[in-house]
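All remarks here apply to the structure that follows.
In our numbering, the protein residues as written are 253 to 546.
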């Protein structure tokens, strides 16, 4: 897994922060989470071709999270994008994309999926879940988790003289086998290796669904629009403070918290990180073009 922060600002860009967008990479999957204005330029600076993107997860339909779509679509058409781009988002996403495509000089293949709570994507390698959060309009959080893998318990299979053999693949599928006239149980000869989990909590007030989605995340990426002295303002606009983001990380027993989506009022993120660390020590603040490998 690799994460590239393409934009870490909230409603307004700054000299150092573009509007919000994150690129998630895993094997053949290249997933864009939101597409703020200027995202295609950020991808260019990050030296990543937009034509590699195969999915977009939209958290909500506020302009600072979607205004980069017309430019991105135009880029894909100009570069002869051949895939079908799958887009996931709340109710209203189909209408949005239909209107955005009217601005694009040319056509690309797009499939729009208006989502509800639960598992929205399941591949051989990944399970992606969505859950509604608490923002001023319909907004979703997402978790991306590697599919658990069944691994061979070599110490056990050695007892049968079995270390390398095509039959091991049957065990990995959870099937019992016969080897040298002896039955080997998959339940004893294998173990389940849990996959890594990344959760994205963006544009929401503090809510129980954020806790539910983020449970035991290896990395929790969470909005931190305001410092604690702006808590009332955060409540009005349904955003999180750094302290609230850290509380979510602590309650969910996440391993690492990365703050993002910062208000333009903060020239640096030192105050936000300091406030969060009082609650959850393993906290860092994202910067544009920061890369995280897991």
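We put the beta carbon where it would ideally sit given N, CA and C, even for glycine.
Under 8 Å between C-beta atoms of residue i and residue j
| i | j | result |
| --- | --- | --- |
| residue 257 | residue 540 | yes |
| residue 544 | residue 463 | no |
| residue 300 | residue 275 | yes |
| residue 493 | residue 469 | no |
| residue 378 | residue 278 | yes |
| residue 361 | residue 329 | no |
| residue 319 | residue 289 | yes |
| residue 291 | residue 259 | yes |
| residue 495 | residue 484 | no |
| residue 531 | residue 504 | no |
| residue 296 | residue 282 | no |
| residue 370 | residue 381 | yes |
| residue 555 | residue 525 | The question about residue 555 has no answer here: the residues shown for the chain are numbered 253 through 546. |
Status (buried if at least 16 other CB within 10 Å, exposed otherwise) for residue i
| i | result |
| --- | --- |
| residue 357 | exposed |
| residue 302 | buried |
| residue 264 | exposed |
| residue 270 | buried |
| residue 433 | exposed |
| residue 406 | exposed |
| residue 449 | buried |
| residue 520 | exposed |
| residue 316 | buried |
| residue 327 | buried |
The ligand NAD heavy atom lying under 7 Å from the CB of residue i
| i | result |
| --- | --- |
| residue 447 | For the structure depicted, the ligand NAD is absent and the ligand set is empty, with no information on it obtainable. |
Supposed contact pair residue j and residue i - C-beta distance, whole angstroms, cut 8 Å
| i | j | result |
| --- | --- | --- |
| residue 309 | residue 340 | 5 Å |
| residue 447 | residue 398 | 2 Å |
| residue 534 | residue 502 | Actually they do not touch by this definition, with Cβ atoms about 10 Å apart. |
| residue 355 | residue 306 | The pair is not a contact, with the Cβ atoms about 22 Å apart (cut-off 8 Å). |
| residue 313 | residue 287 | Going by Cβ atoms, the distance from residue 313 to residue 287 rounds to 12 Å, so no, they are not a contact pair. |
| residue 453 | residue 466 | 6 Å |
| residue 461 | residue 383 | 5 Å |
| residue 419 | residue 428 | Wrong, their Cβ atoms sit about 10 Å apart, outside the cutoff. |
| residue 431 | residue 414 | 5 Å |
| residue 487 | residue 528 | The pair is not a contact, with the Cβ atoms about 18 Å apart (cut-off 8 Å). |
| residue 459 | residue 353 | About 33 Å; that fails the 8 Å criterion. |
Test: residue i CB closer than 8 Å to a CB of chain C
| i | result |
| --- | --- |
| residue 492 | Of the protein chains in this structure there is only one, and it is not chain C. |
Stretch-stretch touch, CB-based, cutoff 8 Å, three pairs: the region 341–359 with the region 384–395: Touching, per the Cβ criterion.
Complete runs of the beta strand (DSSP E) confined to the region 469–539 [at least 3 residues]: 471–475, 509–512, 535–537
Complete runs of the alpha helix (DSSP H) confined to the region 278–340 [at least 4 residues]: Under the rule that a run must span 4 or more residues, the alpha helix (DSSP H) segments found entirely inside the region 278–340 read 291–297, 315–318, 321–330.
Stretch pair the region 502–520 + the region 472–479: three plus CB contacts closer than 8 Å: yes
The region 412–429 contacting the region 438–457, beta-carbon criterion three pairs below 8 Å: yes
Contained beta strand (DSSP E) runs [length at least 3] in the region 378–403, N- to C-terminal order: 378–384, 392–398
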